[in-house]
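*Asks:*
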């Protein structure tokens, strides 16, 4: 490989790291203390690890959702909306089914969240297949619609009994996910299982092979008799289901109720997670942990080192840019594959 | 195959910083603030941060501030501060109540204060600002100045504290004339200045002569609309006439720093007892501040009548209606 | 009936303007095969730089120049990653958004104090039309600031450059088939650099519109998702300037209508009202048919080194 680009890339990383340090000095804080807080807040003790695990869980589900869709050449930008309707459905069903015997309410709530997410993803697929409405625009619009839907629900039919605050009532304990250790709930285990399952589906089943074939080269796939529309619908249903699970698990494992500002942008972060992971389920696990750790460490940086939220954003951005530069250092095989994995364009 | 790179990156970070321990923390009186948005909003969050700075200056306290957006973050921040021995942790909004109540039993020596709310525990207390008293007076002022017109309000989101200030604004307008028309729009955001401007323009074009905003950082959009249509607007939370001297006739103002310092003093002296802490016009925490450049716009007799209303509110001769929350 | 329509049209144009700038900026990017989801961040940077420039010079025009310079610079950073380093465009764009939130927050607090500015800068004012009588409501749609006219003028201009010049032909060739373009001697990297800088500048102007026309100040996060709407508008407009104009007007119109209905106290939850623009966009697409027209090489991070960068 040519040496010059590598030097350039290493230089980019050095500059990025230097910028981080300078930014922290400009913020008036000791960069060692601040970066120490970032790492300490992400991995330093059991509380930090629990926090990282909690923040990783929704990113893992949504990251997988985005990864499989992009693998199939379907640009699902809608994990955010699918997560929200998943949370909405889980809250509604969780409170309705609360009286059932112990594990049933939680299972029903989680299941309804998965179904709702799948339906929201399926709606975008339906628009694409029947009316040729680009799934990019469909999913973006459905994101904004889902945000308003949640707002309407918590101000209207799902507002708490006391009718004071725009939020639902707390779900009955029977509908909540069991806690494993500290605040870490069973949903994190499900997330890891989901990653394994998606790996198996992608690389060990016919469905996964078809998704990958359609994503890599839709024309060749069509010649082989794979219906691109069928692949599109099935991958959007699966993708939506994963994102819906993320929302349901946030409600059932962390918040216990739905409220107006429920969305924390996981569905958008998931796009970066999936692409950084090269759309590989194993990579998604690691990338989700990286972003989860960054989010957990970011809070600690504010609380411990007194670095304000805006400086934290700069450090986070510099970290992503650096990781990206590091990624670019490695030689890659075949631009055509990357093209399929990377773009926002449509499969013809 | 992203494994080597990502892991290498994490490892590098760890090596670079791993040897460093967290900074030694002082063990004196410490206070933390959880703000729901950026402290640079020149409004709700900025006022809370000024309160934190005032506590640091007047009570020689160590302070810390964190921007938190979601309940999981609220709880995590409450826990972390309490674990590290902060004496007072302030959650700046009603939305912090759940998290405060959930964390408080584990940390009986820390006081958790929420700005607005109704949850009281041995070490959880809400501080409620009766901004409604000021918006009531503004409603009265607007209705007197536009006896045949309409007035309106633009809200960020329909949360109880915002709805309540609008309810009082409406009641103030109807103080003189029971059927006075008041229209309310919401923009669904706290920072979308463009939507705030459009909402205000639509209201003004439908006949409204005065616009109150309670949309935090989006407020300047309301002022811009008022300036371009030659009507007047009212600021909220802070005296906002400097943001748009041409349009802002008066503001409904909360003195958050003073209230925060009072509570922190009690906590420091060990005299704090948990209750709903109410701050009103009577104790000087709430006021109506007029734009000095536009005082000539208000006829003397109207100003006198409005001042009388304000006095009646302050002395509780008039009971200002509020949304129950 | 006509007067409310005129007022609605006036609001529509004002709402469409920042979307139009941003979407045209993204269109220029995408025609060269580059997806930039960092438009939201570029708008934020433009908004702050415009306000700061205007504060220092007391001139909205110089503020606009500052916005152009700052967003072009930020676009340059994006270009380093996606053109020089061949990095993933989507991740780089996402990082740009995070960076913009941080940098604008840091700069704003550094310049105007931690708790924000309670100050006003001069703004672009609506033009007064000759012997204009403000009571004559029918002229309201024309009573706009100069940037509204600039945005509208850019639509045919971008069309002309993209579809009627050699430069535009080469740019589109890079977006459709970079390998083929390189083989006939088109400098792929340089074309993409140009598209990124020009597109970023347009997005920055859209951002400056928020701080210098919608209001007279800056607020952190004031772009409020317009950058993402702009992405959707480009797809909606099928990568054509006229389609982009239609998309921006549709979206602006639905938003204006929704606020007008709220102002008339229509008894529908405001949450459902705020949903209107998004639902309407989908409905229009359902009936108009989606269509495509995406540049074939959109998003491919290749083409940087085939002619020496």
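Chains as they are written, first to last, in my numbering: chain A, 1070 to 1417; chain B, 48 to 372; chain C, -12 to 296. The beta-carbon is built from N, C-alpha and C at its ideal position, and this holds for glycine as well. Bear in mind that the values here come from a model prediction, so they are computed numbers and not experimental data.
(1) Determine contact between the region 351 to 358 of chain B and the region 214 to 221 of chain C, defined as no fewer than three beta-carbon pairs at a distance below 8 Å.
(2) So, is the C-beta of residue 1308(A) closer than 8 Å to a C-beta in chain C?
(3) So, helix, strand or coil for residue 231(B), using DSSP?
(4) Would a check of beta-carbon distances place residue 107(C) closer than 8 Å to chain A?
(5) Can you give me, in chain order, the residues of the region 247 to 259 of chain C that have a beta carbon less than 8 Å from any beta carbon in chain A?
(6) Does the distance between the C-beta of residue 1391(A) and the nearest non-hydrogen atom of the ligand SAM fall short of 7 Å?
(7) Flag this pair as touching only if the region 154 to 168 of chain B and the region 310 to 321 of chain B have three or more C-beta atom pairs under 8 Å; answer yes or no.
(8) If you run the structure through DSSP and keep just helix, strand and coil, what is residue 1248(A)?
(9) Nearest-angstrom Cα distance between residue 1292(A) and residue 1284(A)?
(10) May I ask you to report which of helix, strand or coil DSSP gives residue 244(B)?
(11) Please list, in chain order, all residues of the same chain as residue 298(B) whose beta carbon is under 7 Å from its beta carbon, the five residues on each side excluded.
(12) Quick check on this structure: which residue in 89(B), 322(B), 93(B), 100(B) has the alpha carbon closest to the alpha carbon of residue 308(B)?
(13) Could one say the Cβ of residue 1296(A) lies closer than 8 Å to chain B's Cβ atoms, at least one of them?
(14) From what residue to what residue does the beta strand (DSSP E) around residue 256(B) run?
(15) With distances taken from CA atoms, which of 1105(A), 1323(A), 1383(A) is nearest residue 1251(A)?
(16) Against residue 1210(A), what residues of chain C qualify as contacts under a CB-to-CB distance less than 8 Å, listed in chain order?
(17) Please report the straight-line C-alpha distance between residue 204(C) and residue 42(C), rounded to a whole angstrom.
(18) Are there 16 or more other CB atoms within 10 angstroms of the CB of residue 7(C), so buried, or fewer, so exposed?
(19) So, with DSSP's three-state summary, where would you put residue 54(C)?
(20) By DSSP, does residue 77(B) sit in helix, in strand, or in coil?
(21) Are at least three pairs of beta-carbons, each pair with one atom in the region 1299 to 1311 of chain A and one in the region 1320 to 1340 of chain A, less than 8 Å apart?
(22) Looking at the strands, I want to know which residues DSSP matches up with residue 1254(A).
(23) Can you check DSSP and say which residues form a bridge with residue 333(B)?
(24) Just mark residue 282(C) as buried or exposed, buried being the case when its beta carbon has 16 or more other beta carbons within 10 Å.
(25) Among 209(B), 273(B), 110(B), 249(B), which one has its Cα closest to the Cα of residue 237(B)?
(26) I need the straight-line Cα distance from residue 1112(A) to residue 1357(A), nearest angstrom please.
(27) In the DSSP output, what is residue 325(B) paired with across the bridge?
(28) If you reduce the DSSP assignment to three classes, tell me which class residue 283(B) lands in.
(29) Excluding the 5 residues flanking residue 1355(A) on each side, which residues of the same chain have their C-beta closer than 8 Å to its C-beta?
(30) For the region 216 to 234 of chain B, enumerate the residues whose C-beta is nearer than 7 Å to any C-beta of chain C, in chain order.
(31) If you compare alpha carbons, which of 116(B), 279(B), 360(B), 181(B) is closest to residue 196(B)?
(32) Residue 1349(A): which of 1274(A), 1264(A), 1374(A), 1248(A) sits nearest, CA to CA?
(33) Using 8 Å as the threshold, is the region 234 to 250 of chain C in touch with the region -4 to 13 of chain C, meaning 3 or more CB pairs across them?
(34) Can you give me the C-alpha to C-alpha distance between residue 90(C) and residue 363(B), rounded to a whole angstrom?
(35) I'd like to know whether the C-beta atoms of residue 1361(A) and residue 1121(A) end up nearer to each other than 8 Å.
(36) What is the DSSP secondary structure of residue 141(C), counted as helix, strand or coil?
*Replies:* Taking the definition as stated:
(1) Touching, no.
(2) Under the Cβ criterion of 8 Å, residue 1308(A) is not counted among the residues facing chain C.
(3) In the three-state scheme derived from DSSP, where H, G and I count as helix and E and B as strand, residue 231(B) is classed as strand.
(4) By this cut-off, residue 107(C) is not an interface position.
(5) For the region 247 to 259 of chain C, which is checked against every Cβ of chain A, the residues closer than 8 Å are 256, 258, 259.
(6) The ligand SAM is not part of this structure, which contains no ligands at all.
(7) Touching, yes, given that three or more Cβ pairs across the two stretches are closer than 8 Å.
(8) It is a strand residue.
(9) The C-alpha of residue 1284(A) is placed about 14 Å away from the C-alpha of residue 1292(A).
(10) Assignment of residue 244(B) by DSSP, reduced to helix, strand and coil, places it in the helix class.
(11) Taken in chain order, the residues that qualify are 281, 282, 283, 285, 286, 287, 288, 336.
(12) When each option's Cα is compared against that of residue 308(B), the closest is 100(B).
(13) When Cβ-Cβ separations below 8 Å define contact, residue 1296(A) makes no contact with chain B.
(14) From DSSP, the beta strand (DSSP E) with residue 256(B) extends over 255 to 261.
(15) For residue 1251(A), the nearest C-alpha among the options comes from 1323(A).
(16) Against residue 1210(A), the close residues of chain C are 219, 265, 266, 268, 269, in the order they occur along the chain (beta-carbon pairs closer than 8 Å).
(17) C-alpha separation (whole angstroms): 9 Å.
(18) By the neighbour-count rule (16 or more Cβ atoms within 10 Å), residue 7(C) is buried.
(19) Shown here, residue 54(C) sits in a helix according to DSSP, grouped into three states.
(20) For residue 77(B), the secondary structure class from DSSP, reduced to helix, strand or coil, is strand.
(21) Result no; under three Cβ-Cβ pairs closer than 8 Å.
(22) Looking at the DSSP assignment, residue 1254(A) forms a beta bridge with 1248(A).
(23) The partner list for residue 333(B) (beta bridge, DSSP) reads 301(B).
(24) Answer is buried; the Cβ neighbour count reaches 16.
(25) For the residues 209(B), 273(B), 110(B), 249(B), the minimum Cα distance to residue 237(B) belongs to 209(B).
(26) Using only the alpha carbons, I get a separation of about 14 Å.
(27) 175(B), per the DSSP bridge assignment.
(28) In the structure shown, the three-state DSSP call for residue 283(B) is strand.
(29) Here the set comprises 1346.
(30) Correct list: 230, 232, 233.
(31) The shortest C-alpha separation from residue 196(B) is found at 279(B).
(32) Answer by Cα proximity: 1264(A).
(33) Three or more Cβ pairs closer than 8 Å define a contact, and the region 234 to 250 of chain C meets that threshold against the region -4 to 13 of chain C.
(34) Taking the straight line joining both Cα atoms gives about 48 Å.
(35) In this structure, residue 1121(A) lies closer than 8 Å to residue 1361(A) by Cβ.
(36) The answer is helix: DSSP assigns residue 141(C) an H, G or I state.
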